[in-house]
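Participant:
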Amino acid sequence: MAGTCRRAVCSVCKGEDGMKVRDVMTRQVVTASPNDSVQAVARLMADAETGAIPIEVPGVGNLVGVITDRDIVLRVVAEGLASTTAVSEIMSVGIEGCLEEDDLREAVRKMEELNMRRLLVYDNERQLSGIITLGDITAEYRDIADTEPRPGTGVQT
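Using full-length UniProt numbering, the first residue of the sequence shown is number 1, and each one after it goes up by one.
1. Kindly provide the ranges of any beta strand (DSSP E) runs that are 3 or more residues long and lie completely inside the region 109-147, ordered along the chain.
2. Below 7 Å, is the gap between the Cβ of residue 122 and the nearest heavy atom of the ligand MG?
3. Does the structure place the region 107-117 close enough to the region 84-91 that three or more beta carbon pairs sit under 8 Å?
4. Could you tell me whether the region 93-104 touches the region 30-50, where touching means 3 or more Cβ pairs closer than 8 Å?
5. Which one of 140, 42 and 138 has the shortest CA to CA distance from residue 87?
6. Kindly indicate which three-state DSSP category residue 242 falls into: helix, strand or coil?
7. Could you give the distance in angstroms between the alpha-carbon of residue 130 and the alpha-carbon of residue 72?
8. Measure the alpha-carbon distance for residue 81 versus residue 68 and round it to whole angstroms.
Encoded structure:
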């Protein structure tokens with residue numbers, strides 16, 4: 001089955017650990033304004049070492065979209081648009097997200113169903129509180145894989 005770990009000992013995939021999105025998400029999220037230029041936002045991405053920046057209305061805090069490194073490549077570079085183009089002209093709208101309290105497995109399923117590499121994360125008041133990426137999940141899985149016994153290896157003491 002796609003999206004399922006084939007390791008019999010993987011507690012994340014078996015759902016035994018009750019991991020929540022909040023346990024894995026990145027909390028420090030850089031945002032930009034719809035009027036910011038693509039070049040300015042690309043600089044923000046580079047400085048923050050991220051591939052996506054939520055776009056919010058200044059002073060109001062309403063999220064209106066997300067711009068990704070892929071948006072910049074496919075909609076600006078490939079089409080020959082100016083680097084001064086406002087991000088509002090190329091950002092993705094219809095923002096998908098999840099809640100901090102959501103089960104991690106459900107967030108992974110949602111990402112898989114929507115063919116997305118990241119989801120915005122909201123708190124109970126529906127305010128942006130973070131972002132979860134495939135990289136966050138992979139890093140967590142790697143940590144778990146390093147600490148769980150492998151079948152046939154026994155427990156080292």
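Virtual Cβ for every residue (Gly too), placed ideally from N, Cα, C.
Because the structure is a prediction, the values reported are computed rather than measured.
Facilitator: Quick look at the numbers:
1. 118-122 and 128-133
2. The ligand MG is absent from the structure shown, which contains no ligand whatsoever.
3. no
4. no
5. 42
6. Because the chain spans 1 through 157 in this model, residue 242 falls outside it and cannot be assessed.
7. 22 Å
8. 16 Å
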